[in-house]
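Under the UniProt record's numbering, the letters of the sequence shown match residues 1 to 356, in that order.
Built from N, CA and C at the ideal position, the CB exists for glycine as well.
Predicted model only: the values in this text are computed from it and were never measured.
Structure first, then comments.
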Amino acid sequence: MSELRRPNETGVPDSKQFMHPALVRNYGKWAWHDRPQAGVLRHVSESGEAVYTVKAGTQRQMDVFTIRTLCDIADKFCEGHLRFTTRSSVEFMTTDETQVKPLIETLEKAGFPVGGTGNSVGFISHTQGWLHCDIPGTDASGVVKALMDELVDEFKNEDMPNRVKITTSCCQINCGGQGDIAINVQHTKPPVINHALVSGVCERPAVIARCPVAAIRPALVDGKPSLEVDEKKCVCCGACYPPCPPMQINDPVNSKIAIWVGGKHSSTRSKPMFHKLVAAGLPNNAPRWPEVAEVVKKILATYKADARPWERMGEWIERIGWPRFFEMTDLPFTKYHVDTWRGGRANLNASAHLHF
Ligand code: SF4
Ligand code: SF4
Numbered sequence: 001m002s003e004l005r006r007p008n009e010t011g012v013p014d015s016k017q018f019m020h021p022a023l024v025r026n027y028g029k030w031a032w033h034d035r036p037q038a039g040v041l042r043h044v045s046e047s048g049e050a051v052y053t054v055k056a057g058t059q060r061q062m063d064v065f066t067i068r069t070l071c072d073i074a075d076k077f078c079e080g081h082l083r084f085t086t087r088s089s090v091e092f093m094t095t096d097e098t099q100v101k102p103l104i105e106t107l108e109k110a111g112f113p114v115g116g117t118g119n120s121v122g123f124i125s126h127t128q129g130w131l132h133c134d135i136p137g138t139d140a141s142g143v144v145k146a147l148m149d150e151l152v153d154e155f156k157n158e159d160m161p162n163r164v165k166i167t168t169s170c171c172q173i174n175c176g177g178q179g180d181i182a183i184n185v186q187h188t189k190p191p192v193i194n195h196a197l198v199s200g201v202c203e204r205p206a207v208i209a210r211c212p213v214a215a216i217r218p219a220l221v222d223g224k225p226s227l228e229v230d231e232k233k234c235v236c237c238g239a240c241y242p243p244c245p246p247m248q249i250n251d252p253v254n255s256k257i258a259i260w261v262g263g264k265h266s267s268t269r270s271k272p273m274f275h276k277l278v279a280a281g282l283p284n285n286a287p288r289w290p291e292v293a294e295v296v297k298k299i300l301a302t303y304k305a306d307a308r309p310w311e312r313m314g315e316w317i318e319r320i321g322w323p324r325f326f327e328m329t330d331l332p333f334t335k336y337h338v339d340t341w342r343g344g345r346a347n348l349n350a351s352a353h354l355h356f
């Protein structure tokens, strides 16, 4: 193994210490790659050595038993090495071509569908949700599991015009990214304030500073320091809830789901694009979110039938135009699709290229 870079206080550890030995041997020396079949990548290095990577879907948030199962598969076929992608797919590498078929069979038998490569619907990414964040309006990982169950054939086959990246986010502030299809929680009512708790729990200046449209003001309620919300200004973003839990915005009826389409991060073929709202007010209907699945499947089927080869979702819509998109998908176009907030240009990001 080559020498590890020196540790520093920030950033991830040197990845070479965890890599499959064949990847370390050929690091930076790859000559070409292809996909012998859906779910399998073949990388060939300048030395002629080939590495086969088998990609499989998981249930997204994993328990220790699942991780042990995946590790046992890696021990059996891949010299104990596996890796997770940013979308929580799992990838197994082997240099032995004869191991690819039994590896695929073992994964499928254990319930991990093989796919997600090329022009498929890749694994759906989701934001942190209830496990790691304090403001989620839904269980984003649950939406992912329910939708992937519906879209598993599109994951296993490479039948789309181009790759399709779907994202889910459990609030509209949205630590997720741009997606060909994005499924985001949408609060539709301003927060309800529990005034009895505010003075004991909240740092009021922090909450007031957090509001993107300056809708929160200090107030005295029943002689105690509290807050009030100018509901005409409030855009129901949910940003005030983390620093001030008594400003409850999650609501079983009024927290809805919205679907946005046409975003992408890459600069391939065309510049990065923002996704745009196409369906709002869908019920946040756990545990299977059938109304959301219906809209997503309709959009996917229309894109699959009408887009030209290699057009991403946003490129397809730019070619046919938004009126035609709404006609073809049977989605109603309403006044809520028009952003009339005059402060938008000055306050919101105007580029899909974000650098952290
Ligand atoms: S999308 Fe919003 S609620 Fe979900 S993890 Fe990100 S910041 Fe938290
Ligand atoms: S929900 Fe958002 S816009 Fe409304 S008061 Fe809270 S921080 Fe401000």
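Relative to cysteine 171, the option among Cys240, Pro218 and Val121 whose CA is nearest is Cys240.
Restricting attention to Lys156, Gly142, Glu105 and Glu97, the CA atom closest to the CA of threonine 117 is found in Lys156.
If you look at tryptophan 316, you'll find it in the alpha helix (DSSP H) that goes 313–320.
The secondary-structure analysis by DSSP pairs isoleucine 173 with nothing; it has no beta-bridge partner. Phenylalanine 92 is classed as buried because its beta carbon has at least 16 other beta carbons within 10 Å across all chains shown.
Within the segment 158–230, the alpha helix (DSSP H) runs of at least 4 residues that lie entirely inside it are, in chain order, 195–201 and 204–210. Excluding its 5 nearest sequence neighbours in each direction, isoleucine 208 has C-beta neighbours in its own chain below 6 Å: Ile216, listed in chain order. Considering only Thr106, Glu158, Ile104 and Pro102, the residue with the shortest C-alpha distance to phenylalanine 123 is Glu158.
Here leucine 41 is bridged, per DSSP, to Thr53.
Excluding residues up to 5 positions away in sequence, Ala22, His43, Met93 and Thr95 lie with their Cβ nearer than 6 Å to the Cβ of valine 51 in the same chain.
Apart from the 5 residues on each side of it in sequence, methionine 328 sits with its Cβ closer than 6 Å to the Cβ of Thr302 in its chain, given in chain order. Per DSSP, the beta-bridge partners of phenylalanine 84 are Val90. Contact between alanine 56 and valine 100 is absent: CB atoms are separated by about 12 Å, not below the 8 Å threshold. Distance from the C-beta of serine 169 to the nearest heavy atom of ligand 1 is below 7 Å. Judged by DSSP secondary structure, serine 255 falls within the beta strand (DSSP E) whose first and last residues are 255–261. Taken from the Cβ of glycine 314, every heavy atom of ligand 1 lies 7 Å or farther away. For glutamate 150, same chain residues with a beta-carbon under 6 Å away, outside a window of 5 residues either side, are Ala293 in chain order. Under the DSSP assignment, proline 102 falls in the alpha helix (DSSP H) whose first and last residues are 100–109. Closest option to alanine 110, judged by alpha-carbon separation, among His81, Ser125 and Thr66: Thr66. Note on geometry: alpha-carbon atoms of glycine 129 and alanine 140 lie some 6 Å from one another. Secondary structure of leucine 151 (DSSP, three-state): coil. A direct Cα-to-Cα measurement between cysteine 236 and cysteine 202 gives close to 19 Å. Judged by DSSP secondary structure, leucine 131 falls outside any beta strand (DSSP E); it is assigned neither H nor E. In this chain, the alpha helix (DSSP H) harbouring proline 21 covers 21–25.
In this structure, the C-beta of arginine 204 stays at least 7 Å away from each heavy atom of ligand 2. In summary, threonine 167 is buried, with 16 or more beta-carbon neighbours lying within 10 Å of its beta-carbon over all protein chains present. Taking 8 Å as the cut-off, the beta carbon of glutamine 178 is found no closer than this to the beta carbon of alanine 280.
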